Every structure is written in C-alpha cells, then in structure tokens.
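If you're matching them up, the sequences are chains E and B in order. Residue numbers for the first sequence, in numbering that gives the first Met the number 0: 0 to 455. Residue numbers for the second sequence, in numbering that gives the first Met the number 0: 0 to 299. Idealized CB from N, CA, C, for every residue including glycine. Note that the structure is predicted; figures quoted are calculated from it, not measured. Here is the structure we will look at.
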Amino acid sequence: MRTILTLIHKDFSLFIRDKASVSLTFIVPVALIYVFGQVFGINRKDTGPSGIPFAVVNASANPAAGQLLNALRAESAFKVVTEFKNPDGTTRPLTEDDLRPLMKQNAFRFALVIPADLIAEKRFGLRLRILSNPRNDIETQTVNGILQKVIFSNVPELLGQSLQSRARDLVGQPQLKDFNARIARTVADTFGVDAAVVERDIADGNFGLRRLDQLEETPPAGAATGSPASTTTRQDVFSQIVKIETEQVVGQDVKAPAATRVVGGWAMMFLLFALSGSATSVFDEKKAGLYQRLLAAPVRRSQILLGKFCWGVLVGLVQLVTLFLAGQLMFGINITGHLPTLAVLCVAAAAACTAFGMLLAAIAPTPQAASGLATFLILMMSAVGGAWFPISFMPDFIQTIAKFTIVYWSMEGFAQVLWAGASLTDLLPILGILTAIAAGVMAIAVWRFNRGTIFG
Amino acid sequence: MLSLQAVTKRYGALTALDGVSLDIARGEFFGLLGPNGAGKSTLMSLVAGLRSPEAGTITLDGRPLADRTALGFVPQSIALYEDLSAEQNLSLFGSLYGLRGRELQARVTAALESVQLADRRRDPVKTFSGGMQRRLNLVAALLHEPKLLLCDEPTVGVDPQSRNAIFDFLEARARAGLTIIYSTHYMEEATRLCSRIGIIDHGRILALGNLDELLTRLPFEDEITFPATPATAPFAAQLAGQGALTTEEGTHCFRPPAGYKLSAFFAQAESLDLPPRLFTSHRPTLEALFLHLTGRTLRE
Ligand SMILES: Nc1ncnc2c1ncn2[C@@H]1O[C@H](COP(=O)(O)OP(=O)(O)OP(=O)(O)O)[C@@H](O)[C@H]1O
Ligand SMILES: [Mg+2]
C-alpha cells in the first residue's frame, strides 16, 4: 500500500511539474468545450444559421412580392442582398442575369427570383425560381426549409391575388368588381362588419386562406411526429399552387457531390496533424545538439528554418494530393480534372499549415507543450473554421474568427476548385490570403526562433 | 593561430566566461580542463561561432571567425541523426561543408575506416553502442579536413577500448598537423594527450602551461618517506628545520609545509648524493593541482 501511495505521489509530482499536461488536462478541455458549444449552437436561444448571404431579384411590381421580400429580410438566417455593387462603388438592383456569375464566385450560395409574372394572368398559381449552390449539404437543406416556411406563410395573400387575376381574365374587370362587391355585402350582412373593408380585402386577395396554415398541425396518419413529413400536408396543398422552379447554379456537374463537399475539411485536419507532428522534430534535433553541429558548419539559422519550411510544404503537398487522389479512387471525386489548380492551392495551404507548425515549435517550451498546443489549436481551427459544421450556423463572432483560420480559407479554396471548378485566376484572392497567412506566421516563428532557445 | 582576447560571455546574470584570453598555436593539442559548469562548452561554442561574446574578440589567423570550413566541432552531446545510418550521417555533414560526389564518398569511407566503423556503415546510428556513436560523432567533424578541431568532452560514457581508439585517432591527427582544443574533466586524458593545458573554473583560466610547468605550481604537500640510515642522517637533520620530520621503525617521514617546492627537496638530496630511488612519495598529479586550484566543493 505504501509503495503504491509513493508511486502515486511520484506521478503527481511529475504531473504538476509539467505545465503543459496540467493545462491540457484542465484548461484546454474547458476552452474547447466552450468553443464547440458555440460552434454547435448549444445553449443559444436562436439556434440555427444566421447571416447566410441570400440574393433576391424582385422583378414583380406586385405588393405581395414586396411583402415576401420583407419577410425574407426579417428572417435572421438570411442576409438579403438585392443590390449589385458596381466596380465604381455605386449600386443598382440585382437582375437575374447577375446571379449566376456571382454565385460562381461564391458571393452568395442562394438566390430567389420573383419573376415579373409572379401572378400570371393566364393561369392559376404562383411562380418562383430558387437558384442554389448546394456546396454544403446541411446549409442547403436548412436554407430550403426556411425558404419554404417564409414563402408558404406568405402564400395566402399571393394566392388570393392570383385567384382575383384569374377571375378578372374570365369575367372581366367590371363583373369581377360587381362580384366582389356582392360577396362583401353578403359577408358584411352576415357577420356585421364593414362591407367596404371586406371588399378591399377580397380585391387584395385576402380572403381567409391563411387558415390553410393550420393544415400543418395535422400530419398524415402514420407519419412520425417531428419528422420532415409533418409539413407534407401543407406542402401538398401549396405545391399545387406555388410552382417553385429550382436550379443548381454551381456544382451541378460534380460527380460525387457528397464526397466532394467534405473532402476539403478532412484533408485539412489530417494535414494539420501531420505537420504539427513534424514540428516536434525541431525539439529532437535541438536536444541531440544537431543544431550546434549544423550551425558550426557553414549553415545559417535562416537556412535551417527555410529547409524545415520547404520540407513541410513538400510533405503537405504530397499528403494532400495523395488524400485527394484517394478520394477520387474511393469516392469518385473528380481530382485529376482540376489537378494543376488544386496543386497550387495545396502548396498554399501546406505553406500556411507548415508555418503554423513552425510557430508552435518556436513558442512552445517543450515538445510535449508543442503537441498539446497543436492538438488544441487544430481542434479549435477545425471547429471554428468550418471543417465539421457550416460556419453560417455559428454565432457572428465565431464567423468573424473563422476568417482568421487557415482551415477556413483552405476549405474555401478546395470548394472553389473541386465544387465550383474555379480557375487559377478565380483562386487568386484565396491564394493571396493563404500566402499572406503563411508569410506572417512564418515571420513570427522566425523571430521567436531567433530569440528563443532552440538555437541557443 | 587561434586567439581569444578578454572574452566574456554571460547567460543572463550568470557570467559563464569572464575575460578569458588564450592563444593557441598551430599544431598544438590544447587541453581545456575544468569541472562541470566551468565554462568549457561555452568557450567551445564561442569559438565555433554558435554564440557571440558580450565582450572581447576571437580571431583565427588574425581574422575574425568567418570561414566555418576552417573549423571542426565535436559537440558534447552525440549530435547525429540516430535513425540514419552512419554513412548517411557522414554524407549529410560532408555535403553541408560543400563536399560532393566521389570526393565525398571517398572521405566518408576513409572516415568510417579510421574509426573502425566501416563494417557497420549501413546500420542506423541508434543501433550503435555508446562508444561507436562517440567515434562517429568525432569523425563527423573531420570530413572537411579543418585546420582546427574543437572536441568538447568527446569520451563521455565510453569504455576504455573506445577511449583508447579515440585517443590514438586524435594523436595521429595531431601528428599530422591538426590543431586540437580538447575539453575534459578527466585529468589522465589531459595528461596523456595534451601538449598544453588550461585549467578553467568559474569562467576563468586559472592556470596555463604544459604538464611540468603546471606541476611546479603545485605546493608540495604530500609526505615523503625514506630509510633512516647513517647515509641519510645528515639530510634528515637538514629537513628537520624545514618541516615536520618523524622517525618510526627505521623510516623517516617528512611532511613539508605549505608552499614547499618539490624541486628544492630533490636539489638538496642530490647535493648529498642521495639517489631519488630512496624516496617514496606520491608524485604530484594533475589531479592534485586541479583540486588545489578548483577546490573540493561539488559542482553543478
Ligand atoms: N544556454 C545556457 N543558458 C544559461 N546558462 C547556461 C547555458 N549554457 C551554459 N550555462 C551555464 O553556464 C555555465 C558554464 O556552462 P558550460 O556548459 O560552459 O560548462 P562546462 O564546463 O561545459 O560544463 P560540463 O563539464 O558540465 O559540460 C554553467 O553555470 C551553466 O549552467
Ligand atoms: Mg560542457
């Protein structure tokens, strides 16, 4: 018993001596749980996405279309865009022709077109067109769900108007007016309300179809409650009336959409782990006194660091390309079709990740601290950067932080190449950002290496 | 060839080298002898250009240290890539000194042979014994044939066979004209190898010279015994006035006072025609001098 107590005490002493493992055991998990909680929206009242850029082209003069637009604006999930920014800074209303190029550039991934003939004169019902870039599955499904909710809860008015316009077609304006007036009078007489108000309501198409909403509460027999089927009834009714055309604008030719969507996030995580592992080699070399030997030779510190950096980039490049090619073999992702562009992007991503690994080696006092810190930061960056969960679902401040992560920009790049088929020119902004991150992080790392004890 | 002028190196508040001046001539086998923490490695790293001193200058052939190829440095630790083979390690270090192709190949082979590692050339260094690793660590600093070799405790943790192999190797190189600075805290290494020795402690050179010069600085404190015979009686009478002389069972025992010179003792004995073999004493050793200069307190 005494022996065991002594041995336990020894482990305790070792443990509290090692600041890295103490913080890994207590501080890091708490911090990670906080971030994950934010990322996955636990504990938020307004769970669900927010601020997803959503373009609306409203070509209809109908006031109901304006109402639909306002309803979309009121939806916190969307950041509604209706204007096109000219290069000179001025703006003009978006047109349908603007949408597709902008969506290819990933300015937004969803758009709604309310056509001029929203309420067609010649037929009954409504026409809407939804354009989407379903780059992320969860996001696309959620956006579609929200969009349906907004449209359908505004349908009654639109539908009433549609009925009116159809009636006008059939019987002509004077007769319709007369018809409306008679109904209004009957309703007014029966229910004791103002006939003029009722008549105006009828003319606006507002004659109580909102009750259709209540259909939602009565799911078809046998459907499990809470399942998507619970809206089927209402949808069934509305989909007869509202004709929604959908068009996939980007990625429609992607062969393996599901795999193509996730491959970038996975690749980034493995890349980061591999490179942070190689960062600890710096400590091994220092411990063995190899830097003394190298620096006593005609070798400069900057050359050692540059050599390490280039090696990291090379490993990263080969690893990424291997992962992607494996994705092609196993899941049919089209890699070879994008290989040159993808390779350039991989170099930029690997450079950023390598710089990150070198920074860890430069700031961590021990290899244990370096790998602990690496695990922590990799999980953070992957979560925050959107490797696991679309960032549009995260709180605004996390969405802002995401823009500072390597994971975010790399995944953005991979999606641009593999999903949207971006060319090298399209990719320049992202390449620039990744390169800037790599250079900035590397500069800090070099500065820390020169001040630290690695070469001491 | 190598000259240090009032070189001072600090680590924060700690002064690791305190105004060290030292001149090392071409072809010298210079021993830097000092206890743990004396500043030996610090001095080596300054000469190797790994650190720069806070004060003072270090010159090689009158010029500041610029040409790294003139120098070979054997770090105190085994600075080898232990997952690589002996041959790969040597090729790597040779390449860093600008050696290429056949030339590199030939030198690597020669180096491996010179330390009896040719038959293990393809084995990873981590499978080597401590002695083999030390030999490789040493020879890795010589591929580019430097003029000056810095050996920082190259025999730590090595068995007598390997140690002798290293000594033979270094002696051969020294005979071939290589200048060597060799740091150690083993007295017998300095005694055997070095043509000149500097004793360093607390960042200062306490004594400098060849072995005999250093020993004359040692106050003679040991007792000397010699037979109590009529022939030695006059000498005993002389000594009685110079120190403590006791006689027991036909043997005189002389304990000299502090500062007494051994040379004075033997000069008197000689003048009385007494042969040195009559006297039994412990010849003063470098160790005695070392302990005399550096004290007996335990070091870091
Ligand atoms: N990088 C460093 N940072 C701070 N102090 C150091 C550093 N290197 C050495 N020292 C200190 O400087 C002093 C001289 O160290 P040095 O390594 O030169 O001694 P040494 O003679 O080589 O000792 P040893 O025989 O143990 O190798 C010691 O007190 C040591 O603690
Ligand atoms: Mg040392």
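- In this structure S94 (chain B) is exposed. Its beta-carbon is surrounded by fewer than 16 other beta-carbon atoms within 10 angstroms.
- Interface annotation, R134 (chain B): not in contact with chain E, CB-CB separation never under 9 angstroms.
- The way I'd put it, the segment 146-160 of chain B does touch the segment 176-192 of chain B; three or more beta-carbon pairs between them come closer than 8 angstroms.
- Around G11 (chain B), no beta-carbon contact reaches into chain E at under 8 angstroms, the shortest distance being about 12 angstroms.
- Per the DSSP secondary-structure output, D151 (chain B) pairs in a beta bridge with B:S182.
- Looking from the CA of A419 (chain E), the closest CA among E:V55, E:L101, E:D203, E:I7 belongs to E:L101.
- V262 (chain E) is a Cβ neighbour of F330 (chain E), given a cutoff of 9 angstroms.
- Measuring C-alpha to C-alpha distances from S270 (chain B) to each of B:A230, B:G129, B:L192, B:L205 identifies B:A230 as the nearest.
- Three or more Cβ pairs drawn from the segment 274-287 of chain E and the segment 350-358 of chain E lie within less than 8 angstroms of each other, which places the two stretches in contact.
- Counting only the Cα atoms, N135 (chain E) lies some 20 angstroms from H337 (chain E).
- Within the same chain, P226, A227 come within 7 angstroms of G249 (chain B) by CB-CB distance, once the 5 residues on both sides are set aside.
- The DSSP-derived three-state label of Q115 (chain B) is coil.
- Approximately 6 angstroms separates the beta-carbon atoms of P34 (chain B) and H184 (chain B); this is inside 8 angstroms, confirming the contact.
- Per DSSP, C252 (chain B) lies in no alpha helix (DSSP H) segment; the continuous beta strand (DSSP E) that holds it begins and ends at 250-254.
- Shown here, T108 (chain B) sits in a helix according to DSSP, grouped into three states.
- Residue range 241-247 is occupied by the beta strand (DSSP E) that includes E246 (chain E).
- When DSSP states are grouped into helix, strand and coil, F388 (chain E) belongs to the coil group.
- At least one heavy atom of ligand 2 is found less than 8 angstroms from the C-beta of K39 (chain B).
- Interface with chain B (9 angstroms Cβ-Cβ cutoff): K307 (chain E) is excluded.
- Of all residues in the segment 38-59 of chain B, the ones placed with a Cβ closer than 8 angstroms to any Cβ belonging to chain E are S44, A47, G48, L49, R50, in chain order.
- Between G311 (chain E) and W387 (chain E), the beta carbon gap of about 24 angstroms keeps them out of contact (Cβ cut-off 8 angstroms).
- Of all residues in the segment 285-314 of chain E, only K286, A287, G288, L289, Y290, Q291, R292, L293, L294, A295, A296, P297, V298 come within less than 9 angstroms of chain B when Cβ atoms are compared, listed by chain position.
- When CB distances to chain E are screened at a threshold of 9 angstroms, the residues of the segment 64-94 of chain B falling below it are D66, R67, T68, L70, G71, F72, V73, P74, Q75, S76, I77, A78, L79, Y80, E81, F92, in chain order.
- Within 8 angstroms of the C-beta of E188 (chain B) there is not a single heavy atom belonging to ligand 2.
- The beta carbon of V157 (chain B) sits closer than 8 angstroms to those of G129, G130, R133, I165, all from its chain and outside the five residues before and after it, given in chain order.
- Per DSSP, the continuous beta strand (DSSP E) segment holding L130 (chain E) begins and ends at 125-131.
- Counting of Cβ neighbours within 10 angstroms places K402 (chain E) among the exposed residues, the total staying below 16.
- Any Cβ of chain E closer than 9 angstroms to the Cβ of G97 (chain B) would place that residue at the interface, and such an atom is present.
- Spatial neighbours of P366 (chain E) in its own chain (CB-CB distance under 6 angstroms, excluding positions within 5 residues in sequence) are listed in chain order as T279, F282.
- Each residue's CA atom was taken as its position, placing A180 (chain E) and V186 (chain E) some 10 angstroms apart.
- Using beta-carbon distances, A15 (chain B) does not count as an interface residue toward chain E, since no partner is under 9 angstroms.
- For F282 (chain E), not one C-beta of chain B is nearer than 9 angstroms to its own C-beta.
- Look at I223 (chain B) here: in three-state DSSP terms it is strand.
- Within 8 angstroms of the C-beta of L70 (chain B) there is not a single heavy atom belonging to ligand 1.
- For G11 (chain B), the three-state secondary structure derived from DSSP is coil.
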